[in-house]
Structure formats: structure tokens, C-alpha cells
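Novice:
There are 2 protein chains.
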Amino acid sequence: MNPLIRNISELDRVIHEPGRLMIVSLLSAVEAADFLYLQHETGLNKGTLSSHLSKLEEAGYVEIAKSFRGKVPQTVLKLTPTGAEAFEQYRRKLKAAL
Amino acid sequence: MNPLIRNISELDRVIHEPGRLMIVSLLSAVEAADFLYLQHETGLNKGTLSSHLSKLEEAGYVEIAKSFRGKVPQTVLKLTPTGAEAFEQYRRKLKAAL
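Top to bottom, those sequences are chains A and B.
Each residue of the first sequence is one higher than the one before, counting from 0 in numbering that gives the first Met the number 0.
Each residue of the second sequence is one higher than the one before, counting from 0 in numbering that gives the first Met the number 0.
1. What does the alpha-carbon distance come out to for the pair arginine 5 of chain B and threonine 41 of chain A?
2. Could you name the residues of chain B that proline 17 of chain A contacts, counting a contact when the two beta carbons are closer than 8 Å?
3. Mind checking leucine 78 of chain B: buried by the 16 CB within 10 Å criterion, or exposed?
4. Compare the C-alpha of glutamate 30 of chain A against each of A:Ser49, A:Glu62 and A:Leu48 and name the closest.
5. Determine, for asparagine 1 of chain B, whether the minimum Cβ-Cβ distance to residues of chain A falls below 8 Å.
6. If you run the structure through DSSP and keep just helix, strand and coil, what is threonine 79 of chain B?
7. Identify whether glutamate 84 of chain A lies in helix, strand or coil by the three-state DSSP scheme.
8. Compute the beta-carbon to beta-carbon distance between proline 17 of chain B and isoleucine 22 of chain A, rounded to the nearest angstrom, for a pair I have assumed lies under 8 Å.
9. List the endpoints of the continuous beta strand (DSSP E) containing glutamine 61 of chain B.
10. Bridge partners of proline 72 of chain A, per DSSP?
11. With DSSP collapsed to three states, give me the class of alanine 96 of chain A.
12. Between the alpha carbons of valine 13 of chain A and glycine 69 of chain B, how many angstroms are there, rounded?
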């Protein structure tokens, strides 16, 4: 297998899925973001966004904190250091492959 | 939606899947390739490779020609002009997003 193709075969599938790639890209640029912001920026519906976030949380890439702002429930998302490192590696491999 | 995120949301899903991305990358570098060469270079098993190729053929991205070399059946794969253009667009969007 040539090295370019190997880079593709080794791409992190958790990050590669376009919905999750949007989420991780957005979170990599900010300290933290709330659910509604992500929903607006990605154009994903609530259910799809939730399911992608759960998968990212399971992988240890995203931290999900639920709280209240006054009486309004708020969900705040953050890329973990593991997630940031995984995204950096993903970008490196993909750039090399392209 | 910011333009970087829009590029991700518009990525061609037929090409984005890593198995198919390997195939299209390989085919973009050669005039034509046979099935066994692709199998060897991608490390995909026969069934998975066949199924990816069918999907690429349905999209009009790959041309599949079956023939015989003496008595040995041979399957030759080629990127179509449509496939080449789609891959070029895909690369452009992804590079911009990264």
C-alpha cells in the first residue's frame, strides 16, 4: 500500500463522518459552544446533532455539560485534549493524502 | 453557516467514504487499473471492493469493463471525466475546509 493510500485507510472514522467533522471543526476554533450554536452553524437537526455528539463523547473527543441558565436548560460542548489531538492527526493524514 | 463548514456539508458522500476515497485517488493517478491491483493497493476484500465499485459506477464516476486475457477474466476500472471532475471538486472543498 502506498503511503498516501495508507493515510486514507487510517483516517479516524469517528471524525471523518461529515456531520461530526463539522462539529469537531467548529469546536476546535472555540473554547466551548452551546448546542443551539452548533445546531445553527451545522444545519443539522436536533436528533442528528445529539447522536453525533454522543458518538464523539463515547470516543472521549467531546465533553458535554448540561446546566441551567436561569430556568433555561443549556448544553455546553467542548473539545477534549484527546479530541483536539485526534482532529490534528486526522487533518495531518488527510492533507497528506490530498 | 460559515464557508468552511459549508464546504464540509457539501462534500460528495459517494467519494468521501474512505474505501471509495482510496479507489478514486488511485484511479485518478492512472489511465486504468485492474481489480486485483486495486484490491492489493487498498487492502479491501473482494466483496467490499466490488460494492464500492458498483456505487461509484452508479454515480457515473467509474467505468467497469470486464474482459478476458486469454482464458483469465479481467475487470478493468477507469475514472470517467465526471468522476475526475467530482474528485477535483471534492479535493477543493476539503482542502478549503482543512
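Positions of the beta carbon are idealized from the N, C-alpha and C atoms, including for glycine.
Specialist: Considering the structure as presented:
1. 8 Å
2. Ile7, Ser8, Leu10, Arg12 and His15
3. Leucine 78 of chain B comes out buried.
4. A:Glu62
5. yes
6. Coil, per DSSP.
7. In the three-state reduction of the DSSP assignment, glutamate 84 of chain A falls in the helix class, which pools H, G and I.
8. With a Cβ gap of about 19 Å, proline 17 of chain B and isoleucine 22 of chain A do not count as contacting.
9. It is valine, not glutamine, that sits at residue 61 of chain B in the sequence shown. First-last of the beta strand (DSSP E) with valine 61 of chain B: 61 to 68.
10. A:Phe67
11. The answer is helix: DSSP assigns alanine 96 of chain A an H, G or I state.
12. Per the coordinates, the alpha-carbon of valine 13 of chain A lies some 45 Å from the alpha-carbon of glycine 69 of chain B.
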